[in-house]
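Each residue of the sequence shown is one higher than the last, beginning at 1 in the UniProt record's numbering. Take a look at the structure below.
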Amino acid sequence: MVTATSIQLASRTPQEYAEELFASVTHEQLRQVLASLYNEGDEVPSVRTRADAVTQIWVAGQSPKRIAEAVLAVEANAGMKHCFLAKLRDSTGLATFLTTPPATAFPLGRVQARLARVSRNSEVVVATIEHYVPVVEWIEVDADNRTKQRRLQRHPLVVRFYKDTNILTVGYPGFSQGSGTKSEDRVTYEQIIAGLLRYLLEKFNVTVAALPIHPAMMALQQAESPRVKIVRSELEGSAGKLIVSSDDDSTSVVDMVVSMLASTASEATKTEIIAAVSDGLKDASSNSLVAVWNPESVYTRVAFWHSGAELLFIWNASDPSQELVEKIVRLLSEVAIALLRPHVKDAWTIIGELKSGDVVTVGVLAARSNASTEDARKILMEAVRAALVVPVYRLLTTDVISSHRNVWTKDLASLSIVHLTDRGVEFDGTDPRNIEVGFRRAIEEPAA
1 MVTATSIQLA SRTPQEYAEE LFASVTHEQL RQVLASLYNE GDEVPSVRTR ADAVTQIWVA
61 GQSPKRIAEA VLAVEANAGM KHCFLAKLRD STGLATFLTT PPATAFPLGR VQARLARVSR
121 NSEVVVATIE HYVPVVEWIE VDADNRTKQR RLQRHPLVVR FYKDTNILTV GYPGFSQGSG
181 TKSEDRVTYE QIIAGLLRYL LEKFNVTVAA LPIHPAMMAL QQAESPRVKI VRSELEGSAG
241 KLIVSSDDDS TSVVDMVVSM LASTASEATK TEIIAAVSDG LKDASSNSLV AVWNPESVYT
301 RVAFWHSGAE LLFIWNASDP SQELVEKIVR LLSEVAIALL RPHVKDAWTI IGELKSGDVV
361 TVGVLAARSN ASTEDARKIL MEAVRAALVV PVYRLLTTDV ISSHRNVWTK DLASLSIVHL
421 TDRGVEFDGT DPRNIEVGFR RAIEEPAA
């Protein structure tokens, strides 16, 4: 069960605050708000424009406070354009955070903010902290004159504390401060996040640390995960900066550089070049990179800050989705955390070196990498999420079964019957203890 509280700003009436929230969300999100105000089975009015949606929301007859809560709930579950990602080092202060009164001020450096909503369930605490960004635009008065128009723009920070993985994310839509804002009055996303993290530390003793997201992405790239391809990388060294970019989404920066350097090389030399380029990109200091996630064709620009990684989602034709954000965040954070453990790098190398169609079990991976059985199991599950391997099954027996060829298969149901061995002994395939689980390297599709 989810519990939640929300507030309206003291300087606004509840109705004014609700109207302000309407301006912060999309037309589709207003549709979701409208639907949430009706009981299941009731007919929800059809709306074609934002104005229609707002009108029908008020017609629904709910109080301004209830409407504000509905908007905040929809907003908190929306896929945002930006997502900051870090690891919680100490979250003992979360208990105090959950008792924070509504409308509590959150000073974020030069930006004042306040708590708008907190919800929680067994897996995650979600808090919306809203702050107001000064915007200055030049407005044409007539053909010869223009003037500055000043306003405050609401900008939400949706903070998620994941209890099972000790991961913190902050989602936000982004903002523009207008062409008339002076450079000294501009605020950056990094400054806002830094202010938030500082306040969480000082007020609630919640501390975070950056995860090795760059090594995690390079590990996925080196293992040739079909789930993600790095198509642009900005590298920095003592001698200067290098930007490597691929014009083809199906070609990673590693493949692109190799094709330039190894076009006339022998196969042996090409193998050495591939290894050298992969290692060089992996070990280089990177300010940012761009990756494309398949099959959704969603791009992320990943900036590496001192406090953590910031992902900018470019949704293209895909609808913004918090579910997809969480899938990507979970994969990156799990691989990053795994790389911090002894022997895990070796295990990832072993998986990356598997040939198409090869099968490895938890026990074999643990033995070859000197990782624990539990670590080997976690790594293989992470590899499944990265689309590097797929689970396969076979009967855990050396007996001959004439009616069944005991080879690895993805069809678990085909094993779940009682088999008769050539010795006349029944072998129960419905018992999970009689099933061996392996992980097959994803079979590469032939080039078109």
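Ideal Cβ placement from N, Cα and C applies to all residues, glycine included.
For residue i, the three-state DSSP class (helix, strand or coil)
i	result
Lys203	helix
Asp90	strand
Gln149	strand
Pro134	strand
Asn39	coil
Gly363	helix
Arg368	helix
Val118	strand
Ser356	coil
Phe106	strand
Gln177	coil
Val2	Since pLDDT at Val2 reaches only 47, below the 50 mark, its modelled position is unreliable, and no value is offered.
Arg440	strand
Glu234	strand
Val33	helix
Val228	strand
Val244	strand
Ser183	helix
Pro45	coil
Gln191	helix
Ala78	coil
Pro101	coil
Val59	helix
Ala223	coil
Ser11	coil
Thr26	coil
Residue i versus residue j - alpha carbon distance
i	j	result
Arg89	Trp58	44 angstroms
Ser307	Leu196	11 angstroms
Val203	Pro156	Contrary to the premise, residue 203 reads as Lys rather than Val in this sequence. Taking the straight line from one Cα to the other gives about 20 angstroms.
Phe313	Ile337	22 angstroms
Val2	Leu21	At Val2 the pLDDT is 47, less than 50, meaning the model places this residue with poor confidence; the figure from the coordinates comes in the next sentence. Roughly 22 angstroms between the two C-alpha positions.
Leu415	Thr421	14 angstroms
Gln62	Lys148	38 angstroms
Asn287	Arg368	34 angstroms
Lys81	Arg117	20 angstroms
Trp138	Ser179	7 angstroms
Ser372	Lys345	13 angstroms
Val33	Thr49	14 angstroms
residue 466	Thr409	The chain is shown only over 1 to 448; residue 466 falls outside these bounds and no answer can be derived.
Glu353	Ala223	7 angstroms
Ser122	His27	31 angstroms
Thr430	Ser119	42 angstroms
Pro446	Thr181	Confidence is the limiting factor: at Pro446 the pLDDT is only 41, short of 50, which leaves the residue's position unreliable and the question unanswerable from this model.
Val302	Val125	24 angstroms
Leu201	Thr99	16 angstroms
Phe304	Glu43	47 angstroms
Ile350	Leu365	8 angstroms
Val400	Val359	21 angstroms
Glu75	Ala127	11 angstroms
Asp164	Val425	45 angstroms
Gly171	Leu331	17 angstroms
Ile7	Leu115	Since pLDDT at Ile7 reaches only 45, below the 50 mark, its modelled position is unreliable, and no value is offered.
Ala70	Val158	15 angstroms
Proximity to residue i [Cα-Cα], best of the options
i	options	result
Asn316	Tyr299, Leu331 and Val362	Tyr299
Glu19	Val47, Ala68 and Trp293	Ala68
Asp428	Lys148, Val206 and Ile417	Ile417
Arg110	Ser119, Thr96 and Pro134	Pro134
Glu130	Leu85, Asn39 and Tyr17	Tyr17
Tyr393	Pro173, Gly438 and Thr373	Gly438
Trp293	Arg377, Gly357, Asn370 and Ala387	Ala387
Ile192	Leu220, Leu168, Pro212 and Pro107	Pro107
Arg154	Leu72, Thr165 and Arg377	Leu72
Val335	Lys355, Ile213 and Val325	Ile213
Thr207	Val47, Leu94 and Glu374	Leu94
Beta-bridge partners of residue i, as assigned by DSSP
i	result
Phe161	Val125 and Leu168
Glu140	Arg146
Ile435	Leu395
Phe84	Val170 and Glu310
Val111	Leu108
Ala209	Lys87
Glu20	Paired residue(s): none; Glu20 is not in a bridge.
His155	His131
Closer than 8 angstroms to chain D by CB, residue i
i	result
Ala376	No chain D appears in the structure shown, which is made up of a single protein chain.
Whole beta strand (DSSP E) runs in the stretch 372 to 430 with 3 or more residues, listed along the chain? Fully enclosed beta strand (DSSP E) runs of 3 or longer: 389 to 395, 418 to 420 and 426 to 428.
Scan the stretch 278 to 348 and note each continuous alpha helix (DSSP H) run of 4 residues or more that stays entirely inside, going in chain order. Taking only runs of at least 4 residues, the alpha helix (DSSP H) segments lying wholly in the stretch 278 to 348 are 322 to 339.
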